[in-house]
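Undergrad:
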Amino acid sequence: MSKINHSSYLRFLNCLSAMDAKKPEKKLDAIETQLLDQVMLGYTQNREILVGDLLVLSQIGSQATLHGRIKKLDRLGYIKLVTDSVDQRRKWVQPSKKALRHYEKLSQLLEMAVAS
């Protein structure tokens, strides 16, 4: 197994930068990225995430900011908001196919950076 060193990480950052430069309008900001990371972590751990679970992440931003970014991630197609069938006030947050493809691309870029 390859060891990740600083130059591997820098190659990964360069790949990310090149990917973002191709489609700057689709680049997620830091808050959106952190929210999507939380959704994906929950998904990979088979934890169901509610909008309320994300709104309490005060280290990322205020509730109003987080709510706006959640709506933007939904609008951009990175997440799906599914209303609870029992309690209409609750909304489950699920990664979309677009989000899964995005993280697969990130994984490929990381593997390329480590391999080179």
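Each residue of the sequence shown is one higher than the last, beginning at 61 in our numbering. Glycine is no exception: its CB is placed at the ideal position from the N, C-alpha and C atoms.
May I have a chain-ordered list of the beta strand (DSSP E) segments no shorter than 3 residues that lie completely inside the stretch 96 to 145?
TA: 139 to 143
Undergrad: Could you give the residue range of the alpha helix (DSSP H) that holds GLN168?
TA: First-last of the alpha helix (DSSP H) with GLN168: 157 to 175.
Undergrad: When DSSP labels each residue in this structure, what does LYS151 get in the three-state scheme?
TA: strand
Undergrad: So for ASP58, helix, strand or coil by DSSP?
TA: In the structure as shown, the chain begins at 61 and stops at 176. Residue 58 is therefore absent and cannot be evaluated.
Undergrad: Taking the beta carbon of TYR138 as the centre, do at least 16 other beta carbons fall within 10 Å, making it buried, or is it exposed?
TA: With 16 or more Cβ atoms within 10 Å of its Cβ, TYR138 is classed as buried.
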